[in-house]
Every structure is written in structure tokens, then in C-alpha cells.
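Going by the working numbering, the first residue of the sequence shown is number 20, and it counts up by one from there. Even for Gly, the Cβ is constructed at its ideal location relative to N, Cα and C.
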Amino acid sequence: MKRKVKITLVAVICIYGVTVAGVNIADLKVGFDYDDTLIFSTPAFRAGAASGQESYSEGYWRVVNQSFNVEKVKLVPMSIALIYKALGFDVVIITARQGYGGEELQEHWKWLAKEFHFERNKSSILEKGSFVAFFGDSDSDITEALEAGVRPIRVKRSKKSDYTGKYHPGQYKEFILPFSD
Ligand SMILES: [Mg+2]
């Protein structure tokens, strides 16, 4: 290996090490909403609707939460989550879903997320930790981050999502993540 390349490589590794150490000492976190943010989960909600369970009942949520095998990862938001993780940040997922039957889902994302919360009031979690940002698709994700004093980042919702409510990107002058739909 050429000397210059070697020195550059060593420098990069050192900077990486120092960054990771710094982030870990500071216990920094980054938050992500789940549905339509990290994951395209319309198929899971369709499975819930098709199950014959009453909408938003315990049985309905059990079906939705256990249908993660039909969900799809959203490439840009997931890549960003992985970069944060590699830099030493704790990735925290917060979903407003009800948690019925959600243990397997939490287990499924353990490799990525240090914490996975079923919590309607997202700001209650955001205001407790040292979060550098919260990524979400819904207007409420943005307002709850602002409420907690955390920087909101808007993730674009897929045009194929069945969910169309609470979606006005840029309404709060928040940063909109390009190519995130
Ligand atoms: Mg969402």
C-alpha cells in the first residue's frame, strides 16, 4: 500500500474512533418513527384490515404487529439510521401503534434499535433522552419533536401508502429528506 493511502486510512480510522467514543460518552440518540418512515408498512395494515378483526382492536393490532414479514424497508431513511448507528448513536424507534403482540417486532429490530417504543405521546420519550434528531413522516411527528425541543426531519411518505392523513411536508419549515419516499 502506498504511504499516502496508508496515512489517510489511519487518519480516517482515528477520526472514526474518536467520533464513536465521543458519541458514546455523550449517550447521544437519534429517533425514528416506524410506519412510512423507516418502513413501508401498508401491507401489514392491509393484513390487519383483511383479518376480519375490528379496526384498531387488540386483535387487529396483533395481526398488524405480527405481519412485519410483508413490510418493506425504506432505503434512504434506513441507510441514515445505519450511518448513525455506525457512528455510535443509539437508534430509537418510536411508533404510535398499540403494542399488542408486538414483542416479536421489537425482537426483529433489536439489531438496529437499542430501544423500540410503542408510545402515542412521542414527545414524552424525546424529551427524556439527548436526541440529536427525530425522523418522521407525519405532521404529528414533526410537532412532537418540536415540542420536545428535538430537531425534526421530515421523511417523505410513499405515494403507494394507504395512509394520507397528517401530511404537509414543509409546513413547519422542517428539513425534508430528499429521495426518502
Ligand atoms: Mg409514520
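Proximity to residue i [Cα-Cα], best of the options
i: Glu-134; options: Lys-23, Val-49, Leu-28 and Gly-41; result: Val-49
i: Ala-63; options: Asn-88, Ala-40 and Ile-44; result: Asn-88
i: Glu-193; options: Arg-176, Pro-171, Gly-184 and Ser-199; result: Pro-171
i: Ala-132; options: Val-151, Ala-100 and Phe-153; result: Ala-100
i: Ile-161; options: Ile-32, Lys-23 and Thr-56; result: Thr-56
i: Phe-108; options: Thr-183, Ser-157, Asp-54 and Gly-36; result: Gly-36
Proximity test, residue i beta-carbon vs ligand 1 heavy atom, cut-off 7 Å
i: Thr-56; result: yes
i: Gly-155; result: yes
i: Asp-158; result: no
i: Asp-52; result: yes
Contacts around residue i, its chain only, beta-carbon distance under 8 Å, and the 5 residues preceding and following it disregarded
i: Gly-189; result: Arg-173 and Ile-195
i: Ser-70; result: Gly-78, Tyr-79 and Val-82
i: Ala-66; result: Val-82, Val-83, Ser-86 and Val-89
Beta-carbon contacts of residue i that lie in its chain and below 7 Å, excluding the five residues immediately before and after
i: Asn-84; result: Arg-116, Tyr-119, Gly-120, Gly-121 and Leu-124
i: Ile-113; result: Gly-50, Asp-52, His-136, Glu-138, Lys-141 and Ile-144
i: Tyr-103; result: Val-49 and Val-110
i: Glu-77; result: Tyr-119
i: Tyr-45; result: The sequence given here has Ala at residue 45, not Tyr. Hits under 7 Å: Ser-149.
Neighbourhood of residue i by C-beta distance below 6 Å, restricted to the same chain and skipping five residues each side
i: Asp-181; result: Thr-61
i: Arg-81; result: Tyr-119 and Gly-120
i: His-127; result: Phe-87
i: Val-169; result: Leu-145, Phe-150 and Phe-153
Residue(s) in a DSSP beta bridge with residue i
i: Val-110; result: Val-49
i: Lys-91; result: Phe-59
i: Val-169; result: Paired residue(s): none; Val-169 is not in a bridge.
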